[in-house]
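Colleague:
Number of protein chains: 2
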Amino acid sequence: MKTNRNIKIIASGKYLPKSVSSSEIEEKHNLSKGWSERYSGVRSRYHATFESNGYMGARAIESALENSNLKLSDIDLIIAAGATFDYPLPNQSSITKSELKEGLKYNIPTIDIDTTCLSFVTSFDIASKMMDNYQYKNIIIVASEIGSKGLNPNNPETLTLFGDAAVAVILSCDKNSESFFVKGAMKTYTEGVYHTIIEGGGNKYFFKDNPYDEELHSFKMDGMKLLKLAKKEMKSFTDEFFEDLDYTMEDVDIVIPHQTSKVGMELFKNLYNLDNNKVMSNLENHGNCVAASIPLVIHQCIENKKLKRGDLCLLLGTSAGFSIGASLFRY
Amino acid sequence: MKTNRNIKIIASGKYLPKSVSSSEIEEKHNLSKGWSERYSGVRSRYHATFESNGYMGARAIESALENSNLKLSDIDLIIAAGATFDYPLPNQSSITKSELKEGLKYNIPTIDIDTTCLSFVTSFDIASKMMDNYQYKNIIIVASEIGSKGLNPNNPETLTLFGDAAVAVILSCDKNSESFFVKGAMKTYTEGVYHTIIEGGGNKYFFKDNPYDEELHSFKMDGMKLLKLAKKEMKSFTDEFFEDLDYTMEDVDIVIPHQTSKVGMELFKNLYNLDNNKVMSNLENHGNCVAASIPLVIHQCIENKKLKRGDLCLLLGTSAGFSIGASLFRY
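As structure tokens, then:
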């Protein structure tokens with residue numbers, strides 16, 4: 058397998074809506090004080106009020122461009138990576154582009170890639186392959202997620218867990234750079250296909266015949282089954298991932314897991330027996346932001362210099378479907 | 058730009074639900090006899106009854122595998138290319154895989170790529186790039202679309218135009234083959250972002266606050282504006298597409314346009330002044346099948362031998378968002 062594509066993260070940017078503390082949610086929904094932190098591991102998160110996915114995504118893109126030396130006109134492709142969306146049609150990337158101040162000026166192609174919570178991890182892999190062929194020099198991946206609207210008020214587990222966020226990452230192909238993308242991989246374990254679902258709102262339970270119902274139209278997850286499946290499959294997934302590489306898990310400087318939940322993150326650390334300093338988390342202050350979680354941690358690690366040039370970084374997570382995915386790169 | 062990736066379409070398969078004649082629709086909705094054929098150019102199409110996107114997609118994949126020498130275990134990646142879906146979460150590709158008879162047996166990764174009507178064209182380009190790096194040997198792209206549920210009974214234009222269909226195409230990387238992928242490209246023209254839309258059902262008009270409404274939750278298109286924008290941009294898009302290639306539009310043996318509508322197809326033929334024998338259409342008997350239209354024409358052209366090994370084939374179309382896209386390959 059051909060590896061080491063010269064792809065570099067040159068900048069990132071984020072947009073966060075209004076902060077919502079756990080005590081606000083606990084009071085509103087008659088949960089005991091501290092419930093959220095104890096069970097979900099989340100103390101506060103951000104929830105959209107007036108914002109749309111497109112609005113938040115566009116602000117994140119503009120912020121990433123400001124943090125780079127590039128202008129929008131330098132961008133060859135915009136990938137919207139995520140599971141939540143403003144409209145069933147058109148695709149989210151077209152909408153997000155249209156919300157950019159300069160969106161009308163340039164006919165940059167826009168593509169949606171959805172592997173639910175792994176959408177950024179997958180898009181990073183795909184983008185690096187698209188650039189390796191030189192067709193594209195600069196690609197923006199934007200993950201803008203509003204999961205908060207689809208939360209069931211009767212389900213404290215999910216209600217306290219999820220946050221909204223938008224993050225944009227700019228990738229450049231630079232043959233002279235020491236940064237490179239090593240490998241991306243994913244597997245879909247169909248036994249878990251219905252462990253996480255929003256049933257209503259697609260063709261299966263079309264609105265016309267299925268009026269809004271908190272159970273039908275809200276996000277549902279079977280946390281125990283998810284943990285069990287992750288526990289069963291993650292270790293062998295990563296063993297296989299490193300099998301054909303010159304690196305091992307021990308060579309990785311920074312691991313950025315998907316910010317699933319408190320127990321999910323603990324399982325993760327136990328599975329791999331990793332040094333706590335290596336495993337990055339923002340769950341406590343952001344919750345699970347679906348596909349925006351992993352790039353948000355990347356952005357924050359760049360800002361606070363936990364992720365330094367030359368570091369070997371592993372993105373690793375699970376997603377609805379059920380899939381496990383990883384991307385390994387030298388930052 | 059690196060071109061000529063050794064990617065070959067080795068087989069395809071389809072699934073079509075129940076046939077619905079235009080006279081049935083005309084009678085049911087008090088349209089004059091022949092209205093559909095006169096205005097939309099559609100005499101009959103297929104509409105899902107008991108089927109879901111996943112069910113239809115799985116049957117198309119199984120049919121494509123039967124038409125090949127491959128088994129499901131030979132497949133390295135399943136891409137669901139399309140705009141319509143069974144559930145808001147998980148992604149359609151996970152659902153489609155789960156509907157395969159052998160879906161549970163293999164942990165094949167599944168990815169959704171959505172550029173609305175251009176999803177197959179984009180996925181073909183992306184898949185060929187993913188295979189060129191040798192990570193994947195065989196990729197299935199499946200476009201399974203049920204647009205019929207989101208049609209407004211008060212809008213005869215869309216009501217008579219759209220059909221449902223699922224098509225799967227198997228791509229293989231074969232360095233010894235004479236088949237190759239030449240180039241893919243897309244541009245997104247944001248001035249047309251709202252020319253085609255389903256407003257309700259995402260985060261913007263969330264179900265909770267917006268009960269089902271025929272206008273809000275149905276597909277809307279401004280046909281005149283779409284035609285105008287296509288007329289303005291398509292010619293220069295294709296001129297630029299061929300600019301850096303050793304081929305011209307005249308070298309193309311078979312053009313497979315997106316099956317937009319009768320007037321859309323006429324505009325297309327007039328714009329390029331193409332030999333009628335070169336431009337393939339199945340609009341009359343299938344309607345506009347969203348992202349499944351182009352691969353359905355490919356499948357039929359292979360079956361009826363209009364598309365022969367060695368032919369240079371151009372896929373070209375427009376999509377909601379508004380985008381123009383093309384993929385050129387030697388079959």
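Protein chains in written order, with our numbering: chain D, 58 to 388; chain R, 58 to 388.
All residues carry an ideal CB built from backbone N, CA and C; glycine is no exception.
Here the structure is a predicted model, which means the values were calculated and not measured.
#1: Fully enclosed by the stretch 79 to 151 of chain R, which beta strand (DSSP E) runs are 3 residues long or longer?
#2: For K279 of chain D, which residues of its own chain have a beta-carbon under 6 Å away from its beta-carbon, when the five flanking residues on both sides are left out?
#3: Does the beta carbon of G258 of chain R sit closer than 8 Å to a beta carbon anywhere in chain D?
#4: Roughly how many whole angstroms lie between the Cα atoms of Q149 of chain R and L175 of chain D?
#5: Measure the alpha-carbon distance for I118 of chain R versus D296 of chain R and round it to whole angstroms.
#6: Going by C-alpha to C-alpha distance, which of R:I313, R:Q316, R:G344 and R:M306 sits closest to N330 of chain R?
#7: Counting contacts by CB-CB distance shorter than 8 Å, is P166 of chain R in contact with chain D?
#8: Do G382 of chain R and V178 of chain R count as a contact pair if the criterion is CB distance below 8 Å?
#9: Quick check on C174 of chain D: does DSSP put it in helix, strand or coil?
#10: Give the residues of chain D in contact with Y144 of chain R, contact being defined as C-beta atoms less than 7 Å apart.
#11: Excluding five sequence neighbours on each side, which residues of the same chain lie with their C-beta closer than 6 Å to the C-beta of P352 of chain R?
#12: Under the three-state reduction of DSSP, which class applies to M358 of chain D: helix, strand or coil?
#13: Give the C-beta separation of E214 of chain R and S97 of chain R to the nearest angstrom, bearing in mind that I take them to be a contact with Cβ-Cβ under 8 Å.
#14: Starting from L369 of chain D and walking both ways along the beta strand (DSSP E), at which residues does that stretch end?
#15: Does the separation of the CB atoms of L302 of chain D and I66 of chain D fall below 8 Å?
#16: Residues of chain R with CB under 8 Å from D169 of chain D, in chain order?
#17: From N211 of chain D to H86 of chain D, what distance separates their C-alpha atoms?
#18: So what does DSSP say about G207 of chain D, is it helix, strand or coil?
#19: Name the residues in the stretch 321 to 348 of chain D whose C-beta lies less than 7 Å from a C-beta of chain R; which are they?
#20: Does the Cβ-Cβ distance between S69 of chain D and E83 of chain D come in under 8 Å?
#21: Could you name the residues of the stretch 213 to 227 of chain R whose beta carbon sits closer than 7 Å to any beta carbon of chain D, in the order they occur along the chain?
#22: Of all the beta strand (DSSP E) runs that stay within the bounds of the stretch 239 to 293 of chain R, which reach a length of 3 or more residues?
#23: Can you list, in chain order, the residues of the stretch 123 to 150 of chain D whose Cβ is nearer than 7 Å to any Cβ on chain R?
#24: Is the stretch 315 to 322 of chain D close to the stretch 338 to 356 of chain D, with three or more CB pairs under 8 Å?
#25: So V250 of chain R contacts chain A; which residues on that side make the cut at Cβ distance below 8 Å?
#26: Mind checking if Y269 of chain R is an interface residue toward chain D, Cβ cutoff 8 Å exclusive?
#27: What residue range does the beta strand (DSSP E) around N212 of chain R cover?
#28: If N221 of chain D sits next to G204 of chain D, beta carbons under 8 Å apart, how far is it from one beta carbon to the other, in whole angstroms?
#29: Of all the options D:R102, D:N333, D:K194 and D:E300, which has the alpha carbon lying nearest to the alpha carbon of I311 of chain D?
#30: Span of the beta strand (DSSP E) holding N63 of chain R?
#31: What are the uninterrupted segments assigned as alpha helix (DSSP H) that are 4 or more residues long and contained completely in the stretch 313 to 338 of chain R, given in chain order?
#32: Starting from L385 of chain R, trace the beta strand (DSSP E) both ways and give me its first and last residue.
#33: Give a yes or no on whether the minimum CB-CB distance between H415 of chain D and chain R is below 8 Å.
#34: Determine the DSSP secondary structure at S180 of chain R, reduced to helix, strand or coil.
#35: Out of D:C370, D:G160, D:A242 and D:V309, which one is the CA nearest neighbour of E132 of chain D?
Modeller: Put simply:
#1: Taking only runs of at least 3 residues, the beta strand (DSSP E) segments lying wholly in the stretch 79 to 151 of chain R are 101 to 104 and 134 to 138.
#2: Correcting the residue type first, residue 279 of chain D is Asp in the shown sequence and not Lys. Here the set comprises H252.
#3: Yes, its Cβ sits closer than 8 Å to a Cβ of chain D.
#4: Taking the straight line from one Cα to the other gives about 14 Å.
#5: In this model, I118 of chain R and D296 of chain R are separated by some 35 Å (Cα to Cα).
#6: Among R:I313, R:Q316, R:G344 and R:M306, the Cα nearest to that of N330 of chain R is on R:M306.
#7: A Cβ of chain D is located within less than 8 Å of the beta carbon of P166 of chain R.
#8: Remark: C-beta atoms of V178 of chain R and G382 of chain R approach each other more closely than 8 Å.
#9: DSSP places C174 of chain D in strand when its eight states are reduced to three.
#10: Under the 7 Å cutoff, chain D gives I254, I255, E256, G259 and K261.
#11: Around P352 of chain R: F177, A200, V224 and V226.
#12: For the record, residue 358 of chain D in the displayed sequence is Cys; it is not Met. Helix.
#13: About 7 Å separates the CB atoms of E214 of chain R and S97 of chain R; that is less than 8 Å, so the two are in contact.
#14: Here the beta strand (DSSP E) through L369 of chain D covers L369 to S376.
#15: No; because the gap between Cβ atoms is not below 8 Å, this pair is not in contact.
#16: Result: D169, I170, D171 and T172.
#17: Rounded to the nearest angstrom, the gap between the Cα atoms of N211 of chain D and H86 of chain D is 8 Å.
#18: In the structure shown, G207 of chain D adopts helical secondary structure according to DSSP, grouped into three states.
#19: Under the 7 Å Cβ criterion, the stretch 321 to 348 of chain D contributes no residue.
#20: By the CB criterion at 8 Å, S69 of chain D and E83 of chain D fall outside the cutoff.
#21: Closer than 7 Å at the C-beta level to chain D, one finds no residue of the stretch 213 to 227 of chain R.
#22: 253 to 255 and 276 to 278, all fully within the stretch 239 to 293 of chain R.
#23: From the stretch 123 to 150 of chain D, only A140, T141, F142, D143, Y144, P145, L146, P147 and N148 have a Cβ closer than 7 Å to chain R.
#24: Output reads yes: the stretch 338 to 356 of chain D touches the stretch 315 to 322 of chain D.
#25: The structure shown contains no chain A; the protein chains it does contain are D and R.
#26: So yes, Y269 of chain R belongs to the interface.
#27: Where N212 of chain R is concerned, there is no enclosing beta strand (DSSP E), given that its DSSP letter is neither H nor E.
#28: Before going on, a small fix: residue 221 of chain D reads as Asp here, not Asn. Contact between D221 of chain D and G204 of chain D holds, since their C-beta atoms are separated by about 6 Å, short of 8 Å.
#29: That would be D:N333, whose Cα lies nearest to the Cα of I311 of chain D.
#30: Run containing N63 of chain R: none; DSSP gives neither H nor E here.
#31: Runs found: 319 to 329.
#32: If you look at L385 of chain R, you'll find it in the beta strand (DSSP E) that goes S380 to R387.
#33: This structure cannot speak to residue 415 of chain D, because chain D is shown only from 58 to 388.
#34: Residue state, collapsed to three classes: helix.
#35: Here the sequence assigns Ile to residue 132 of chain D, which means Glu is not the residue at that position. Ranking D:C370, D:G160, D:A242 and D:V309 by Cα distance to I132 of chain D puts D:G160 first.
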